[in-house]
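The structure under discussion appears below in the form of structure tokens.
Residue numbers (the numbering used here): 3 to 777.
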């Protein structure tokens with residue numbers, strides 16, 4: 003494994019942790035790394051600390067050392083904090099390296115390190131449970147107080163008056179071993195009367211009966227403190243097992259047989275999914291048409307939906323060796339099948355595996371056919387197959403044969419997101435339910451389990467020891483094996499705690515088969531706990547069990563049963579109606595972008611961008627220099643030009659601007675009464691105008707809009723002014739007329755090159771604006 007990672011240049015998650023730890027412990031670079039990190043870390047938060055492995059703790063420990071070191075400690079204004087959240091009772095991931103003993107060790111380590119400082123360690127216990135009813139918590143407390151090896155705290159229900167219930171169904175007795183049947187019977191199928199099958203059917207029947215008869219659970223707390231009731235739904239049920247054994251599969255099978263909405267398995271092997279196997283059979287046939295078994299498989303699948311009799315008729319009556327030859331010879335009898343196969347076979351050599359599968363699923367309606375037969379849970383397997391096809395194409399030549407070989411050797415397992423399973427029954431392992439909750443939790447897998455067995459090779463402080471038979475095992479090896487088994491049994495009890503505390507209001511416990519003579523099964527632990535809290539006998543469908551209840555379950559039922567409306571195949575009329583014509587959205591126009599030329603023919607020298615930058619620079623000078631005395635104009639101009647794209651130090655621009663500002667006939671333009679850089683907006687037909695006027699002079703009975711122009715060639719008369727400039731001034735006049743309807747609107751251009759102010763005839767600019775609007 004290590005060799006393959008080296009060859010491929012890959013790192014797994016454990017590698018990342020170990021290399022980060024080694025980096026922080028390497029004397030050649032650790033001090034520098036910690037110094038660099040020390041400047042950016044103020045707070046360390048460790049969540050789910052009970053599942054933190056020793057290697058992960060070593061990384062945290064090295065980072066936290068800098069918090070209390072001399073130069074690394076911050077002052078009082080920037081305090082540093084370490085916040086660790088964890089619950090040892092929920093440490094159930096030892097297979098990932100989690101060790102609850104490390105939690106205690108690190109707590110003591112931090113306490114000793116922070117002892118005597120201004121911020122000592124503050125260990126706090128959160129005894130409140132914000133999920134479960136008091137009835138469930140009392141049974142949980144009782145179960146674990148009865149175990150002398152458990153350090154268990156008392157729970158406090160945050161919703162102390164929330165009604166709750168714990169039911170213990172009687173154990174289904176084990177069925178005798180069935181006699182061997184015929185040689186052709188499947189060897190892995192349980193008998194119809196097997197106790198596991200009986201329990202699975204009983205669970206499905208109970209759920210169906212509860213939904214059908216309108217069983218209720220507490221819902222919302224009213225102003226009077228009484229909880230209302232609502233009817234049970236399929237999504238309220240969470241069924242938890244210890245492992246994916248026969249019981250796990252039988253429960254799913256029984257719920258499907260009872261027509262109950264179920265989300266399927268929480269983990270699925272992609273290659274074992276029926277939908278994936280049907281698609282793989284079709285791909286095998288397309289790759290090798292001589293594969294008659296794959297063709298027969300796919301014809302019977304939902305993709306083609308042949309009956310057993312139709313397939314037998316084709317196969318039994320054929321006179322040629324291959325099934326594909328027989329189908330092709332009788333193609334006129336099966337036009338739909340031949341049409342699909344002919345299309346796919348014509349594309350097989352040209353499409354990548356992903357495209358070919360997508361063609362099957364979409365063009366030929368394969369996805370809908372598979373889901374209609376296998377249920378919505380089949381979609382996860384189909385999507386995973388598509389993802390695998392994309393992954394294969396990223397790393398290999400996208401050939402169909404290569405993909406099929408890769409599928410056979412790949413054992414992909416995906417975890418389905420059961421927390422978003424909509425209104426469906428969820429079945430999963432306790433490990434997979436960590437962090438989830440449900441109003442009703444059923445625990446059927448509480449019977450006898452063998453004590454954990456030690457591995458063939460034990461790790462004794464880095465020394466591998468072969469265990470061998472118990473009778474021949476040395477005491478040292480036996481002690482280590484027994485210690486390992488004890489730790490695994492302790493984790494199994496923590497797993498029981500996690501399972502019981504997933505329930506919000508109703509916990510149902512069941513078992514089938516033998517119980518343990520030593521009383522170590524989950525069923526016996528819960529039974530003893532319920533007896534200690536005063537559970538009363540209760541008659542269930544299969545006999546007498548126990549029930550412990552809390553609160554009033556007789557509140558008013560607020561909701562009504564869901565009435566499923568029949569689904570018709572007709573679309574609403576809106577889908578057959580053409581969409582209305584869209585109204586053109588109004589445009590936002592700038593007066594300077596109404597079209598037309600902006601300069602006279604013959605202007606040369608600067609390109610358009612440079613001329614624009616030069617104009618902006620002169621505009622900036624004319625705007626800001628009047629705020630300074632003339633003696634400071636050169637200094638101010640250098641600063642202003644530094645901020646423009648025209649470039650610093652071009653004092654020719656200052657010369658042009660100065661000649662304008664010093665012209666006596668232009669004094670009113672630059673007087674304090676003139677408005678500078680005035681933003682305006684107005685309606686122009688269906689469009690909206692937004693612009694900025696360089697200078698605006700508002701008097702008693704008239705308004706004069708002035709725009710600065712830096713053209714190199716100045717027109718000799720208003721009639722020679724470029725069309726674009728006339729349109730711009732016409733837009734200003736149009737906007738100002740809406741703002742000042744009782745004043746005379748005038749416009750003028752100030753040519754900076756000649757310091758000349760030219761007033762524009764109103765009819766001239768109005769005609770130009772009309773041409774712009776018409777175009």
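Every residue, glycine too, gets a C-beta built ideally from N, C-alpha and C.
1. Roughly how many whole angstroms lie between the Cα atoms of residue 555 and residue 163?
2. Does the distance from the CB of residue 234 to the CB of residue 254 come in under 8 Å?
3. What would DSSP say about residue 135, mapped onto helix, strand or coil?
4. Per DSSP, what are the beta-bridge partners of residue 505 in this structure?
5. By the three-class DSSP mapping on this structure, what secondary structure does residue 22 have?
6. Taking Cβ to Cβ, would you say residue 716 is nearer than 8 Å to residue 758?
7. According to DSSP, residue 690 sits in a beta bridge with which residue or residues?
8. Helix, strand or coil for residue 317, going by three-state DSSP, please let me know.
9. Specify, as a first and last residue, the run of the alpha helix (DSSP H) that residue 81 falls within.
10. With which residues is residue 260 paired in a DSSP beta bridge?
11. Is the distance from the Cβ of residue 24 to the Cβ of residue 55 below 8 Å?
12. What are the boundary residues of the beta strand (DSSP E) that residue 547 is part of?
13. Please tell me whether residue 444 and residue 510 are closer than 8 Å, where the distance is taken between their beta carbons.
14. With DSSP collapsed to three states, give me the class of residue 212.
15. Skipping 5 residues on each side, what residues in its chain have a beta carbon closer than 8 Å to that of residue 32?
16. Exposed or buried, what is residue 578 when buried is set at 16 or more other beta-carbons lying within 10 Å of its beta-carbon?
17. Can you give the Cα-Cα distance for residue 73 and residue 116, rounded to whole angstroms?
18. Relative to the C-alpha of residue 613, which candidate in 545, 713 and 521 has its C-alpha closest?
19. Measure the C-alpha to C-alpha separation of residue 742 and residue 736 and round it to an integer number of angstroms.
20. Per the DSSP calculation, residue 170 is bridged to which residue(s)?
21. Which one of 756, 486 and 734 has the shortest CA to CA distance from residue 762?
22. According to DSSP, is residue 231 part of a helix, a strand, or is it coil?
23. According to the neighbour-count rule (16 or more other Cβ atoms, all chains shown, within 10 Å of its Cβ), is residue 582 buried or exposed?
24. Which of the three DSSP states, helix, strand or coil, is assigned to residue 726?
25. Which value, in whole angstroms, describes the spacing of the CA atoms of residue 201 and residue 432?
26. Applying the criterion that 16 or more other CB atoms from any shown protein chain within 10 Å of the CB defines a buried residue, is residue 359 buried or exposed?
27. Around the C-beta of residue 142, are 16 or more other C-beta atoms found within 10 angstroms, so that it is buried, or is it exposed?
28. According to DSSP, is residue 747 part of a helix, a strand, or is it coil?
29. Can you tell me which of 768, 487, 286 and 324 puts its alpha carbon nearest to the alpha carbon of residue 452?
30. Identify, in the order they occur along the chain, each residue of the same chain with its Cβ nearer than 6 Å to the Cβ of residue 565, setting aside the five sequence neighbours on each side.
31. Helix, strand or coil, according to DSSP, for residue 564 in the structure here?
32. In three-state terms, what does DSSP make of residue 371?
33. Under a Cβ-count criterion, where at least 16 other Cβ atoms within 10 Å of its own Cβ denotes burial, should residue 344 be classed as buried or exposed?
34. Compute the Euclidean distance between the alpha carbons of residue 29 and residue 119, then round it to the nearest angstrom.
35. Rounded to the nearest angstrom, what separates residue 174 and residue 513 at their Cα positions?
36. Starting from residue 408, trace the alpha helix (DSSP H) both ways and give me its first and last residue.
By the coordinates alone:
1. 11 Å
2. no
3. coil
4. 440
5. helix
6. yes
7. 590 and 685
8. helix
9. Per DSSP, residue 81 belongs to no alpha helix (DSSP H) and is neither H nor E.
10. Paired residue(s): none; residue 260 is not in a bridge.
11. no
12. 545-552
13. yes
14. helix
15. 25, 26 and 64
16. exposed
17. Note that residue 73 has pLDDT 45, beneath the 50 cutoff, so the model's placement of it is unreliable and no number is given.
18. 713
19. 10 Å
20. 511 and 548
21. 734
22. strand
23. exposed
24. helix
25. 19 Å
26. buried
27. buried
28. strand
29. 487
30. Unreliable positioning characterises residue 565 in this predicted model, as indicated by a pLDDT of 46, which lies under 50. The coordinate reading is nonetheless provided below. None.
31. Since pLDDT at residue 564 reaches only 49, below the 50 mark, its modelled position is unreliable, and no value is offered.
32. helix
33. exposed
34. 28 Å
35. 6 Å
36. 402-411
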